[in-house]
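Line by line, the protein sequences give chains A and B.
Here my numbering is used: the first residue of the first sequence is 16, the next is one more, and so on.
Here my numbering is used: the first residue of the second sequence is 16, the next is one more, and so on.
Cβ coordinates follow ideal geometry from the N, Cα and C atoms, glycine included.
Here the structure is laid out as structure tokens; the discussion comes afterwards.
Protein chains: 2
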Amino acid sequence: MFHHHNLKKFLPSIPMLEWGRRYDRETLVSDLVAALIVTVMLIPQSLAYALLAGLPPEVGLYASVAPLVLYAIFGTSRVLAVGPVAVVSLMTAAAIGEHAAIGTPAYGAFAITLAFMSGVILLLMGFLRLGFLAHFLSHPVISGFISASGLLIAASQIKTLMGVDVQGHNFIDLVASLAQQIPHVHLLTLAMGVGSTGFLFWVRKGLKPLLMRLGFQSRSADVLAKTGPVAAIVVTSYLTWAFQWQLQGVKIVGAVPQGLPPLTLPLWDMALWKTLAVPALLISVVGFVESVSVGQTLAAKRRQRIAPNQELVALGASNVSAALTGGFPVTGGFARSVVNFDAGAKTPAAGIFTALGITLASLFLTPALYFLPQATLAATIVVAVLSLVDFRIFKRTWGYSKADFVAVLATLLVTLTSGVELGLVTGVGVSLALYLYRTSRPHIAEVGLVPGTEHFRNIMRHEVGTQPTVLGLRVDESLYFANSRALEDHVNESVASHPQLAHVVLQCSAINSIDASALESLEAIDSRLRASGILLHLSEVKGPVMDRLKHTHFLRDLSGKVYLTHFQAVQDLSSST
Amino acid sequence: MFHHHNLKKFLPSIPMLEWGRRYDRETLVSDLVAALIVTVMLIPQSLAYALLAGLPPEVGLYASVAPLVLYAIFGTSRVLAVGPVAVVSLMTAAAIGEHAAIGTPAYGAFAITLAFMSGVILLLMGFLRLGFLAHFLSHPVISGFISASGLLIAASQIKTLMGVDVQGHNFIDLVASLAQQIPHVHLLTLAMGVGSTGFLFWVRKGLKPLLMRLGFQSRSADVLAKTGPVAAIVVTSYLTWAFQWQLQGVKIVGAVPQGLPPLTLPLWDMALWKTLAVPALLISVVGFVESVSVGQTLAAKRRQRIAPNQELVALGASNVSAALTGGFPVTGGFARSVVNFDAGAKTPAAGIFTALGITLASLFLTPALYFLPQATLAATIVVAVLSLVDFRIFKRTWGYSKADFVAVLATLLVTLTSGVELGLVTGVGVSLALYLYRTSRPHIAEVGLVPGTEHFRNIMRHEVGTQPTVLGLRVDESLYFANSRALEDHVNESVASHPQLAHVVLQCSAINSIDASALESLEAIDSRLRASGILLHLSEVKGPVMDRLKHTHFLRDLSGKVYLTHFQAVQDLSSST
Chain A
16 MFHHHNLKKF LPSIPMLEWG RRYDRETLVS DLVAALIVTV MLIPQSLAYA LLAGLPPEVG
76 LYASVAPLVL YAIFGTSRVL AVGPVAVVSL MTAAAIGEHA AIGTPAYGAF AITLAFMSGV
136 ILLLMGFLRL GFLAHFLSHP VISGFISASG LLIAASQIKT LMGVDVQGHN FIDLVASLAQ
196 QIPHVHLLTL AMGVGSTGFL FWVRKGLKPL LMRLGFQSRS ADVLAKTGPV AAIVVTSYLT
256 WAFQWQLQGV KIVGAVPQGL PPLTLPLWDM ALWKTLAVPA LLISVVGFVE SVSVGQTLAA
316 KRRQRIAPNQ ELVALGASNV SAALTGGFPV TGGFARSVVN FDAGAKTPAA GIFTALGITL
376 ASLFLTPALY FLPQATLAAT IVVAVLSLVD FRIFKRTWGY SKADFVAVLA TLLVTLTSGV
436 ELGLVTGVGV SLALYLYRTS RPHIAEVGLV PGTEHFRNIM RHEVGTQPTV LGLRVDESLY
496 FANSRALEDH VNESVASHPQ LAHVVLQCSA INSIDASALE SLEAIDSRLR ASGILLHLSE
556 VKGPVMDRLK HTHFLRDLSG KVYLTHFQAV QDLSSST
Chain B
16 MFHHHNLKKF LPSIPMLEWG RRYDRETLVS DLVAALIVTV MLIPQSLAYA LLAGLPPEVG
76 LYASVAPLVL YAIFGTSRVL AVGPVAVVSL MTAAAIGEHA AIGTPAYGAF AITLAFMSGV
136 ILLLMGFLRL GFLAHFLSHP VISGFISASG LLIAASQIKT LMGVDVQGHN FIDLVASLAQ
196 QIPHVHLLTL AMGVGSTGFL FWVRKGLKPL LMRLGFQSRS ADVLAKTGPV AAIVVTSYLT
256 WAFQWQLQGV KIVGAVPQGL PPLTLPLWDM ALWKTLAVPA LLISVVGFVE SVSVGQTLAA
316 KRRQRIAPNQ ELVALGASNV SAALTGGFPV TGGFARSVVN FDAGAKTPAA GIFTALGITL
376 ASLFLTPALY FLPQATLAAT IVVAVLSLVD FRIFKRTWGY SKADFVAVLA TLLVTLTSGV
436 ELGLVTGVGV SLALYLYRTS RPHIAEVGLV PGTEHFRNIM RHEVGTQPTV LGLRVDESLY
496 FANSRALEDH VNESVASHPQ LAHVVLQCSA INSIDASALE SLEAIDSRLR ASGILLHLSE
556 VKGPVMDRLK HTHFLRDLSG KVYLTHFQAV QDLSSST
């Protein structure tokens with residue numbers, strides 16, 4: 016098991032030193048096999064995601080070399096595979112598309128700058144131990160965001176499948192433009208696009224059972240099924256070459272430069288950095304969240320752990336390296352990491368071997384990509400992203416928590432209509448606002464004694480005993496500025512409805528903190544009760560809360576006492592009156 | 016006592032119908048006396064705050080007529096006096112100053128539009144029952160904001176006291192420019208300005224004791240002392256007239272048009288509305304908070320209550336009326352409301368009488384203001400706002416709550432360096448962020464039985480009994496997306512350090528809600544524990560939390576049980592193992 020406690024103390028640590036020391040031949044073989052399979056899977060993915068980001072296809076290969084090595088050195092997950100991923104590619108296109116035209120040198124330079132900024136942000140977050148910030152993206156918001164991004168990406172690829180040209184900045188525009196273009200569909204392209212899509216869906220659902228019937232084991236069948244896109248690429252490239260379909264209007268990838276990833280530098284332009292700051296931050300956070308969830312899911316299966324703050328450092332280094340080698344923003348991808356895991360990768364060395372594989376591909380394989388139809392790559396993307404779309408979250412949150420439901424819905428709708436950046440910000444904003452709204456209206460229960468115990472519960476829900484002179488109130492929320500006024504109002508109203516009252520006891524078992532505003536409110540409540548001849552007591556005040564109250568005049572000035580248990584308070588006060 | 020429960024049902028209600036029915040001669044006399052005193056006090060204040068807002072002095076009078084009447088009809092405070100106030104005037108100047116030059120017709124039209132927008136926002140908030148939004152401004156943030164605004168206002172008036180002309184958009188710029196202008200001071204203006212300031216400070220501190228020694232009662236002495244500014248105005252106006260100081264460079268108010276407030280309309284310009292939207296919102300919220308705190312403080316003294324949502328409607332109507340009668344944004348002011356209260360106002364009719372008084376002043380008194388030196392008005396403002404500056408909040412929050420301290424400090428610094436709008440937004444943002452940060456790292460205590468009771472407390476703080484097979488954990492925070500991961504980590508670590516463990520019991524007495532993300536985390540904890548042969552139980556789950564869990568599979572799939580009390584859980588589980 017990985018010693019993440021040490022990591023906490025020495026940042027950045029180099030986990031590679033840990034697993035590298037125990038590396039042996041058996042591990043090497045496992046890692047090499049996994050690397051081979053991931054390489055085969057990664058080549059079409061890298062090309063496709065580069066096109067999705069609006070970049071030349073070879074950039075996808077470049078972004079799958081150095082980042083893998085850097086992650087292998089600094090990362091804490093044993094199996095995470097870093098590189099271009101769908102959602103981050105879409106966010107990259109959205110961020111740059113506003114400021115440069117696709118195909119221009121500026122566009123590529125902006126992508127490099129964005130990767131660099133994202134890397135710096137991730138490194139800073141790692142050094143400042145800000146990994147916890149990712150927790151503010153709730154599961155439902157992430158789920159809604161990923162589904163909406165999947166729909167957006169799929170819609171953006173359909174034009175390539177249809178062989179038409181449409182523009183659209185949001186889902187509705189895209190779908191509307193596509194509908195208008197139906198008469199202009201390029202039938203040959205469409206046939207190949209739909210054929211590839213159908214084949215790839217079949218590969219997902221039907222190939223594995225077939226392979227298992229042919230005698231493959233479940234896991235091997237899984238892994239083999241994941242290489243289906245390669246088959247689609249080989250077949251459609253061959254057909255296009257054989258029938259020279261590019262002369263009939265089928266768009267092909269064309270000449271892809273051969274060679275090692277180039278050495279590049281980001282643009283040092285403050286105005287550009289300012290423009291890209293927010294997108295870079297969002298890309299960093301989304302990339303981090305996606306990567307960490309994949310890493311944690313896979314680590315848990317082998318009872319390993321990952322260290323989120325160290326992951327920030329590793330992803331930061333990966334993105335900086337992507338920027339220095341002609342790439343674009345990268346992160347840990349779900350599908351390829353699962354394949355890596357299932358193919359038996361034991362250490363991050365598998366990532367280094369995969370990087371070698373991709374390097375060989377970019378040195379020698381690119382001429383073979385000349386006749387690859389763009390529609391095949393689009394089919395690859397569509398099939399990959401549609402598996403991200405999952406609307407069950409709506410049903411689940413509707414039944415359990417309306418606030419979560421509203422947050423998912425807002426995220427989905429705003430992402431579809433106004434783009435990924437605004438969608439994500441809206442999701443976080445709405446979920447935080449709803450949380451704050453809830454805490455601003457605390458549940459306050461009048462409590463009574465459960466007969467035969469020393470336990471107090473809500474008089475509205477349980478058969479409990481109460482007394483006319485002692486009112487027990489349990490506030491089910493920490494007291495802070497947004498809800499302290501509500502407590503004042505509630506106490507005032509409760510007192511008005513209990514004419515014989517001599518004591519109010521606030522049972523503080525659910526009060527986890529009291530801020531300065533709430534302290535003022537408690538003082539106000541005490542002085543108002545005192546004016547009516549009623550004493551205010553506290554019971555079951557927690558240690559951390561008590562520690563802070565001791566620094567104030569409040570406890571000294573309080574008209575009543577502080578009791579360890581609510582039971583003691585009620586016994587003491589009912590005997591005294 | 017005011018029946019605010021009825022108000023809740025029928026918005027907008029007209030509280031005037033309530034107090035109007037019981038109006039009698041005695042009340043009339045009290046209200047008339049109070050109105051006379053408030054009128055005398057309000058005239059110089061209105062002029063001064065109009066100048067502070069960058070508007071001609073008569074606009075201050077216009078803004079003190081219709082709003083008072085509208086508030087009297089719709090307001091729920093018996094004594095609140097509505098009109099121009101220092102902080103809102105400063106915010107008005109900040110909002111308009113960027114888009115129009117002082118003295119131009121556009122500036123005045125923008126002020127009218129701003130008042131109209133602010134009125135509409137307040138009315139909307141009232142109809143939508145959004146009064147609770149004001150609670151998100153914590154007491155410390157308000158305190159820091161008011162102090163910083165006081166300093167800003169005082170700094171902005173010193174140029175008038177010195178008879179120089181300086182520009183500056185923040186406190187540091189202002190002070191620096193003032194220092195540079197020292198050689199160009201107009202000595203006669205300075206003498207009069209400093210003299211007036213000194214006199215007004217003496218009136219605050221020294222006049223009341225003097226009057227009491229002369230036989231006045233404490234309260235009458237208080238009220239008389241509040242009319243000190245009128246004396247300063249009369250004396251300096253007389254001196255200026257007598258010696259014709261305006262010819263020697265003393266700036267005077269000059270010709271103020273005589274007549275009733277004009278009928279005006281806001282500009283219907285969408286671009287302008289967009290620009291002013293955020294300032295109008297901030298002015299509305301600040302005005303509402305200031306007004307409600309004054310209203311609540313004074314209402315409590317007479318055991319009356321005010322209804323915040325109805326107050327929004329009343330202030331909204333006041334601001335709309337200000338916009339229709341040539342005014343600018345208004346709200347309930349502290350000093351004048353206290354004077355109204357101390358002078359014995361019994362009903363809002365006093366406000367209507369004050370409005371009549373101001374109308375008479377704007378009809379007949381304006382020629383008398385011709386020779387009024389601007390330095391005297393500046394002195395009035397300086398003395399009024401310096402009483403708002405109170406740095407004790409720093410000491411109080413430092414000792415009690417560092418988060419509150421940071422929020423006050425941020426509010427103060429940003430307000431001084433970057434203006435009122437950014438300062439306020441920063442204050443709210445910082446205080447919410449710190450609250451969220453705290454809730455994202457919950458306090459989790461291992462609990463044991465307090466001997467001789469059924470009560471469980473933190474094993475680190477109390478002498479309690481525990482068992483090796485049963486681990487009791489109390490989470491001191493509601494579980495939601497930002498902290499559910501922290502709980503997972505904590506449970507994992509606790510389990511690792513308790514080798515004999517067979518049961519984990521989460522004592523849920525402080526868990527006030529569990530959102531969808533946290534529910535997923537609980538499921539993950541349960542399945543991970545189950546894999547290690549440990550059962551997960553819950554105890555003391557609150558009613559509202561239980562209601563929602565019942566809608567899910569969680570309780571059915573839970574490896575352990577749900578106990579009413581933690582004591583029962585521990586008894587049951589320790590006997591079973």
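Taking the Cβ atom as the reference point for each residue, do Leu189 of chain B and Val200 of chain B lie within a distance shorter than 8 angstroms? As a working note, residue 189 of chain B is residue 174 in the second sequence. As a working note, residue 200 of chain B is residue 185 in the second sequence. Using a Cβ distance threshold of 8 angstroms, Leu189 of chain B and Val200 of chain B do not count as a contacting pair.
Is the stretch 237 to 249 of chain B close to the stretch 52 to 72 of chain B, with three or more CB pairs under 8 angstroms? Cβ pair count under 8 angstroms is three or more, so yes.
For Met468 of chain B, which residues in chain A fall below 7 angstroms Cβ to Cβ? Position 453 of the second sequence, counted from the first residue, corresponds to residue 468 of chain B. Checking the displayed sequence, the identity of residue 468 of chain B turns out to be Thr instead of Met. Under the 7 angstroms cutoff, chain A gives Glu469, Thr580.
Return the first residue and the last residue of the alpha helix (DSSP H) that Ile161 of chain B is part of. Stepping through the second sequence from its first residue, residue 161 of chain B is reached at position 146. Taken as a continuous stretch (DSSP letters only), the alpha helix (DSSP H) holding Ile161 of chain B covers 154 to 177.
Helix, strand or coil: how does DSSP classify Leu551 of chain B here? Here the question's residue 551 of chain B lines up with position 536 in the second sequence. Three-state DSSP puts Leu551 of chain B in a strand.
For Gly444 of chain A, report the span of its alpha helix (DSSP H) as first-last. Along the first sequence, one-based indexing puts residue 444 of chain A at 429. Bounds of the alpha helix (DSSP H) holding Gly444 of chain A are 435 to 455.
Does DSSP put Ile267 of chain B in a helix, in a strand, or in coil? For the purposes of this step, residue 267 of chain B is taken as residue 252 along the second sequence, with counting starting at 1. In the three-state reduction of the DSSP assignment, Ile267 of chain B falls in the strand class.
Mind checking if His150 of chain A is an interface residue toward chain B, Cβ cutoff 8 angstroms exclusive? The sequence position of residue 150 of chain A within the first sequence is 135, counting from 1. Residue contact check for His150 of chain A against chain B: a CB pair falls below 8 angstroms.
Residue-level contact to chain A via CB, Leu411 of chain B, 8 angstroms cutoff: For the purposes of this step, residue 411 of chain B is identified with residue 396 of the second sequence, where counting begins at 1. In the sequence as displayed, the identity of residue 411 of chain B is Arg instead of Leu. So, interface residue.
Assess, as a yes-or-no matter, whether the stretch 497 to 514 of chain B is touched by the stretch 523 to 543 of chain B under the definition of 3 or more beta carbon pairs within less than 8 angstroms. With the cut-off at 8 angstroms, the stretch 523 to 543 of chain B and the stretch 497 to 514 of chain B touch.
Taking the C-alpha atoms as reference points, what is the distance between Val97 of chain A and Asp237 of chain A? Against the first sequence, residue 97 of chain A aligns to sequence position 82. Against the first sequence, residue 237 of chain A aligns to sequence position 222. Roughly 20 angstroms separates the two Cα atoms.
My guess is that Ile396 of chain A and Ile168 of chain A are in contact by the Cβ rule of under 8 angstroms, so how many angstroms apart are they, rounded? Looking up residue 396 of chain A in the first sequence gives position 381. Looking up residue 168 of chain A in the first sequence gives position 153. Rounded to the nearest angstrom, the Cβ distance from Ile396 of chain A to Ile168 of chain A is 6 angstroms, consistent with a contact under 8 angstroms.
At a CB distance below 7 angstroms, what residues from the stretch 539 to 554 of chain B approach chain A? Give them in sequence order. Here the close residues number zero.
Test item: CB-CB of Arg93 of chain A and Thr362 of chain A under 8 angstroms: Against the first sequence, residue 93 of chain A aligns to sequence position 78. Against the first sequence, residue 362 of chain A aligns to sequence position 347. Closer than 8 angstroms, so yes.
Would you verify that the beta carbon of Leu32 of chain A is, or is not, closer than 8 angstroms to some beta carbon of chain B? As a first step, residue 32 of chain A is located in the first sequence; it is residue number 17 there, counting from the start. No, Leu32 of chain A does not count as interfacial toward chain B.
Among A:Val249, A:Ile526, A:Ala511, whose alpha-carbon lies nearest the alpha-carbon of Val519 of chain A? Stepping through the first sequence from its first residue, residue 519 of chain A is reached at position 504. If we check each option's Cα against that of Val519 of chain A, A:Ala511 comes out closest.
Identify the contact partners of Gly310 of chain B in chain A, using a Cβ-Cβ distance below 9 angstroms as the criterion. As a working note, residue 310 of chain B is residue 295 in the second sequence. Result: empty, since nearest Cβ-Cβ is about 13 angstroms, beyond 9 angstroms.
At 7 angstroms on the CB atoms, spell out the chain A contacts of Phe147 of chain B, in chain order. Mapped onto the second sequence, residue 147 of chain B falls at position 132. Per Cβ cutoff of 7 angstroms: Ser455.
For Lys241 of chain B and Phe214 of chain B, the rounded distance between their alpha carbons: On the second sequence, position 199 is the one that residue 214 of chain B refers to. On the second sequence, position 226 is the one that residue 241 of chain B refers to. Straight-line measurement puts the Cα of Lys241 of chain B at about 12 angstroms from the Cα of Phe214 of chain B.
Which residues, in order along the stretch 267 to 289 of chain B, keep a beta-carbon less than 9 angstroms from a beta-carbon of chain A? Identification of residues in the stretch 267 to 289 of chain B having a C-beta nearer than 9 angstroms to some C-beta of chain A yields an empty set.
Less than 8 angstroms between the CB atoms is what I'm expecting for Ala68 of chain B and Gly208 of chain B, so what's the real figure, rounded? Within the second sequence, residue 68 of chain B is the residue found at index 53, counting from 1. Within the second sequence, residue 208 of chain B is the residue found at index 193, counting from 1. 20 angstroms between Cβ atoms; not a contact.
Answer with buried or exposed for Pro30 of chain A, where buried requires no fewer than 16 other C-beta atoms within 10 angstroms of its C-beta. Sequence index remark: in the first sequence, residue 30 of chain A carries index 15 (1-based). Buried, because 16 or more other Cβ atoms sit within 10 Å of the Cβ of Pro30 of chain A.
Chain B residues whose Cβ lies nearer than 7 angstroms to that of Tyr450 of chain A: As a first step, residue 450 of chain A is located in the first sequence; it is residue number 435 there, counting from the start. Result: Tyr495.
C-alpha gap between Val423 of chain B and Leu428 of chain A, whole angstroms: For the purposes of this step, residue 423 of chain B is taken as the residue at position 408 of the second sequence. For the purposes of this step, residue 428 of chain A is taken as the residue at position 413 of the first sequence. Rounded to the nearest angstrom, the gap between the Cα atoms of Val423 of chain B and Leu428 of chain A is 37 angstroms.
Taking the CB atoms as reference points, tell me whether Gln273 of chain A and Pro382 of chain A lie closer together than 8 angstroms. Within the first sequence, residue 273 of chain A is the residue found at index 258, counting from 1. Within the first sequence, residue 382 of chain A is the residue found at index 367, counting from 1. Against a cut-off of 8 angstroms, the Cβ pair of Pro382 of chain A and Gln273 of chain A comes out as a contact.
Since Glu492 of chain A meets chain B, which of its residues come closer than 8 angstroms, beta carbon to beta carbon? Locating residue 492 of chain A in the first sequence gives position 477, where the first residue counts as 1. Here the neighbours are Ser493, Asn527.
Contact check, Thr279 of chain B vs Val80 of chain B, beta carbons under 8 angstroms: Locating residue 279 of chain B in the second sequence gives position 264, counting from the first residue. Locating residue 80 of chain B in the second sequence gives position 65, counting from the first residue. Not in contact: Thr279 of chain B and Val80 of chain B (Cβ atoms no closer than 8 angstroms).
Using 10 angstroms around the beta-carbon of Gln259 of chain B, count the other beta-carbons present and answer buried if the total reaches 16, otherwise exposed. Locating residue 259 of chain B in the second sequence gives position 244, counting from the first residue. Flag for Gln259 of chain B reads exposed.
Ile459 of chain B bridges to which residues according to DSSP? Within the second sequence, residue 459 of chain B is the residue found at index 444, counting from 1. Note: Ile459 of chain B sits in a beta bridge opposite B:Val490.
Measure the C-alpha to C-alpha separation of Tyr253 of chain B and Phe386 of chain B and round it to an integer number of angstroms. Looking up residue 253 of chain B in the second sequence gives position 238. Looking up residue 386 of chain B in the second sequence gives position 371. Here the alpha carbon of Tyr253 of chain B sits roughly 7 angstroms from the alpha carbon of Phe386 of chain B.
Quick check on DSSP: helix, strand or coil for Ala96 of chain A? Locating residue 96 of chain A in the first sequence gives position 81, counting from the first residue. For Ala96 of chain A, the secondary structure class from DSSP, reduced to helix, strand or coil, is strand.
Which residues does DSSP list as the beta-bridge partners of Gly348 of chain A? In the first sequence, counting from the first residue as 1, residue 348 of chain A sits at position 333. A:Ala96.
How long is the line joining the alpha carbons of Ser104 of chain A and Ala163 of chain A, rounded to whole angstroms? Indexing the first sequence from 1 puts residue 104 of chain A at position 89. Indexing the first sequence from 1 puts residue 163 of chain A at position 148. Looking at the two C-alpha atoms, the distance is approximately 14 angstroms.
Can you pull the chain A neighbours of Lys557 of chain B, defined as C-beta to C-beta under 7 angstroms? The sequence position of residue 557 of chain B within the second sequence is 542, counting from 1. Those are Asp491, listed as they occur along chain A.
Counting only beta-carbon separations shorter than 8 angstroms, does Asp419 of chain B have a partner in chain A? One-based indexing of the second sequence puts residue 419 of chain B at position 404. Chain A places a beta carbon closer than 8 angstroms to that of Asp419 of chain B, counting this residue as a contact.
Where do the ends of the alpha helix (DSSP H) carrying Leu375 of chain B lie? Taking the second sequence and counting its residues from 1, the one referred to as residue 375 of chain B is at position 360. DSSP places Leu375 of chain B in the uninterrupted alpha helix (DSSP H) bounded by 364 to 375.
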